Each structure stands twice: as structure tokens, then as C-alpha cells.
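For reference, the structure is listed below as C-alpha cells.
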Amino acid sequence: MSQPLRLGIAGLGTVGVGLIELLNGQAELLTTRVGRPLVVTAVSARSQRDRGVDLSAMAWCADPAELASRDDVDLVVELMGGEGDPAKSLCQAALAAGKSVVTANKALLALHGTELARIAEANGAILGYEAAVAGAIPIVKAVREGLAGNGFRRLAGILNGTCNYILTQMQSTGRDFAEVLAEAQALGYAEADPSFDVDGIDAAHKLAILTTLAYGTETDFDAIHIEGIRDVEALDIAFAAELGFRIKLLAIAAATEHGIEQRVHPCMVQADTPIAYVDGAFNAVETQTDYADRSVFEGRGAGAHPTASAVVADIVDIARGRDGMTYSVPVTALKPLSPAPMDRHEGPYYVRLEVYDQPGVIADISAILRDESISIESLLQRGRATDANGSVPVVLITHEVGEAAMLRALARIGDLDSVRDRPRMIRIEYL
Ligand code: HSE
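Letter by letter, the sequence shown follows residues 0 to 430 of numbering that gives the first Met the number 0.
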């Protein structure tokens, strides 16, 4: 039996503890699969409290940076999180010392991935980050290796379980966002500060990484158009169902004639498409490629053991001697990303207006849409206002239209005296 691969783990939160449990529970299986034992020799965390796992055989490092220079650590596992230090400096130091790093840190990869990959590849080290995107789903491996023979037309994913859980609950109970969020927080499904999740930042971090893998472009988080789910109302979910759609927060990267689109926003997807069936905290990614056509991947996007499973996948790959490429091309071959501006986006739209139930209202709205060359596919009005000053919802589905024209039309429609409240718009994505 060869020498053990010695691991140093920084961060003993949910995932760190889950990783130790997995390494213990699967020790025999992993040793057989890898050809040598995987042994945790050192750990670092904020406090030495009891976490329900035995750490007695592991050296304790008060400063995580120590893991980069210890002689008894061959590979550093970074599970502290956060885009900056200490996670960033630990990864930089370990990679510069030629030690491979496995991390679940999507913010770090989204903002500094290209820089870390350069250090890794210049020093013969490997940077593994399967756990940073969609938890247990082996999507990094699928895009980098399984689909290596393909060009990507589009990649669309449910990359945030908290948002998918909230939207699923809104769908099944008819309740509004705020109420479902409060309940999710009380149950521990959503963070006390939910903004990274519900405002789309977390999904955007993961999308930035997938874009680099799919298109061989430098990671460009700032080029992502990001909208979260706070504006999605129960009424929109009900209309979506009536029209044969579901509302999902999608993260999408697509090759267009204007460049590469990267966007995160609520989408209407057809109710019979695979992603529409992905409910609760699950994640899913659909790839559209030129030779393999459509592939769909689904699984648990978070949680101690699913995330630990992805961390271990990278450790096993590295222990078996995987190649040193961080992405699907060497880091030196990455091209700058040429972003498609969001106002050049084209697609169909769902629009909901709250209008006063008076003659001529639809004619005014139609005139504005005509001025912007926006063609309506269908129009729906439900019910009648109970008095002359009452309002009713009107829903429009458009044919394919440019985002800039759509936004201009919505601004003018919102200014009409006959329209109460701000128009609501959700982009339709045919998958
Ligand atoms: N908070 C994320 C989610 C999991 O809700 O999916 C970690 O990225």
C-alpha cells in the first residue's frame, strides 16, 4: 500500500464535519478506490468546541495559514468560505507551495478563480472546486470532462436551493414571498440574512464559474445581470400555473451574436420541461451543446454530506493523479469574456399589469406596444372590478422581443393614468 494522502482541513462547520464523517464512514471503500488511505492530519477552525467527531489524531492549527506550510499536509481542504482572507490567502499560499487545494468556496472562485488557477498551474498544483457549484451534482466534471467534445449553446441552472425551496413553497401553498421566507428562516432552511441567496448573488457566483468552464473565458462575475426573487408575487405564480409555466430562479450562460450572456433572474419555464419538476432545495443544470444536445443534471445542491461528497470527489481525483487543468482549457488559454449587454437580450416576456377596469385601457397599452414593435401572443384578464375605481390584473405574453424595447414600453405603460402600480415582468425561457 502506498503512502497515505495527508489532508489538512480549514473550517469545521457543517461541511467540514460532514467531510470527516464521510472520510471515516467510507475509509475502506476510499482506500480501495484511490489505492492509498486518505488521512486527515491537521485541522483548523475558529474554536475547539466539541463537534461530535473525533479530532484527537489531528494536529490543531489556530491559524489556518499554517496548513499551507506544514510538512504533514499534502493537500489543503478550504471550507471556511468568504471571498477574501483567510480563505484566499490560505489557498494562494498552499498553491504557491505546490500543494493542491480543494474548496467549496464559490465566492472565492467567482471573484479570484482565474488568479488562483494561474498560481496552481504555474506551481504544478491542482485546484479542485466541484463542491462550489451545485453541491453533490458532478457538474464541474461533466462540463470540463464529460462534455469536452462540445461547444456550449446554453447552460441554465437552478443553482440556489433556498430560492427554489421558497418558490416551491409559494407554488404549493399560494402564500407570498415574505411569509414563506419567514417560515423558512424559522425552520433553518434560510439564513438569518438571506440576501446572498434571495437576491441571486450565490447563484451568480456559481454561474460565473460554470461560464468559465463552458466557454473557456476568464471568470467575470461583474458582467452578470443579477435579479433575485423578492419581487415574485403569489399572483404571478398562480398566473404562471394557469398559463402552463412554473417560475424558477435560473442562472443562465448563453452564446449570442452579441457575446456571452450571463444572467440570473426569475424565469417562466414550461411546466413540462425537466427543470420545472425540480422542487424544494434541489439544484439542477441543463446544458445545450452542439453534439450532445440536451443533458440535465439534478441533485442536492447543499448540505453537509452532499457537499462533502463533492469535496471527496476532487480529493479522489487528485489522489489518483488527475491532470492539472483548473478549467476546460489551461488557464493561460482562457480568453477575456466578451459580455452581451442585458439590454440586447431577446426573448418572450410575461407582463402583469394592474389596470383600472375602464374602456380604452387595453387600446392605450396596445398603442405603446405597437410603437415598440412588441407583438402580443396572448392576453388574459380575469374577473371584473367591483366598482369604477377598482383595478383588475391583466396578463400579456409577448412574442420574442428585445429587452431594451420591453423596458421602454413598460416605463411608458407604468405612466398611464389607467395603470395602477408598477408593471411586473418575468422573462420566459424556453428550455
Ligand atoms: N445557500 C446555498 C443554497 C447553498 O441555498 O443553495 C450554498 O451555496
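We put the beta carbon where it would ideally sit given N, CA and C, even for glycine.
These numbers come from a predicted model, not from an experiment.
Problem - Inter-stretch contact at 8 Å, needing at least 3 Cβ pairs: the region 149-164 / the region 61-70 - result: no
Handout entry: 7 Å CB neighbourhood of residue 54 in its chain, flanking five on each side removed
Key = 42
Handout entry: beta-carbon residue 247 near the ligand HSE non-hydrogen atom, thresh 7 Å
Key = no
Practice task
Work out the CA separation of residue 153 and residue 10 for me, nearest whole Å.
Solution key: 35 Å
Exercise for the section: State the DSSP-derived secondary structure class of residue 224, mapped to helix, strand or coil. Expected result: strand
Practice task
Pair every Cβ in the region 276-296 with every Cβ in the region 219-236, then say whether three or more of these pairs are closer than 8 Å.
Solution key: no
Exercise for the section: Determine, using beta carbons only, whether residue 214 and residue 189 come nearer to each other than 8 Å. Expected result: no
Exercise for the section: Please classify residue 279: is it buried, with 16 or more other beta-carbons within 10 angstroms of its beta-carbon, or exposed? Expected result: exposed
Handout entry: Environment of residue 272 [buried if 16+ CB atoms lie within 10 Å]
Key = buried
Exercise for the section: Assign residue 99 to one of two classes, buried (16 or more other C-beta atoms within 10 Å of its C-beta) or exposed (fewer than that). Expected result: buried
Handout entry: Nonlocal neighbours in the same chain, by C-beta distance under 6 Å from residue 203, ignoring five residues either side
Key = 223, 225 and 263
Practice task
Pull up the CB-CB distance for residue 255 and residue 339, whole angstroms please, since I reckon it's below 8 Å.
Solution key: 5 Å
Exercise for the section: Tell whether a beta-carbon distance below 8 Å holds between residue 323 and residue 125. Expected result: yes
Handout entry: Residue range of the unbroken beta strand (DSSP E) whose run includes residue 7
Key = 4-9
Problem - Inter-residue Cα distance where the pair is residue 44 and residue 295 - result: 37 Å
Problem - Per-residue DSSP class, three states only, for residue 98 - result: coil
Handout entry: Status (buried if at least 16 other CB within 10 Å, exposed otherwise) for residue 27
Key = exposed
Problem - Beta-carbon proximity list for residue 47, same chain, < 7 Å, skipping 5 on both sides - result: 59
Practice task
Return the residue from the list 93, 292 and 246 that minimises the CA-CA distance to residue 149.
Solution key: 292
Exercise for the section: Using 7 Å as the cut-off, classify the Cβ of residue 34 as near or not near the heavy atoms of the ligand HSE, replying yes or no. Expected result: no
Problem - Nearest-angstrom Cα separation, counted from residue 394 out to residue 241 - result: 11 Å
Practice task
Alpha carbon to alpha carbon, how far is residue 217 from residue 315? Give it in angstroms, no decimals.
Solution key: 27 Å
Problem - Identified DSSP bridge partners for residue 434 - result: Only positions 0 to 430 of the chain appear in this structure, which leaves residue 434 out of reach.
Problem - Residues bridged to residue 39 (per DSSP) - result: 6
Practice task
Indicate whether residue 77 and residue 102 have their beta-carbon atoms separated by less than 8 Å.
Solution key: yes
Exercise for the section: Evaluate contact between the region 419-428 and the region 340-353, counting only Cβ atoms and requiring at least three cross-stretch pairs below 8 Å. Expected result: yes
Exercise for the section: Examine chain E for any beta-carbon lying closer than 8 Å to the beta-carbon of residue 180, and answer yes or no. Expected result: Among the chains in the structure shown there is no chain E, since it carries only a single protein chain.
Practice task
Sort out for me which residues DSSP pairs residue 334 with in a bridge.
Solution key: 216
Exercise for the section: Determine, using beta-carbon pairs with one atom in the region 117-132 and one in the region 301-315, whether at least three such pairs fall under 8 Å. Expected result: yes
Problem - residue 303 and residue 13 closer than 8 Å at C-beta - result: yes
Practice task
Please go through the region 69-127 and give each complete beta strand (DSSP E) segment of 3 or more residues, from N-terminal end onward.
Solution key: 74-77 and 99-102
Practice task
Flag residue 159 as yes when its Cβ comes closer than 7 Å to any non-hydrogen atom of the ligand HSE, and as no otherwise.
Solution key: yes
Exercise for the section: Could you check which residue in 412, 50, 114 and 21 has the C-alpha nearest to that of residue 38? Expected result: 21
Handout entry: Beta-bridge pairing of residue 58 - partner residues as DSSP gives them
Key = 41
Handout entry: DSSP-derived helix/strand/coil call for residue 411
Key = helix
Problem - The beta strand (DSSP E) enclosing residue 348, as first and last residue numbers - result: 348-355
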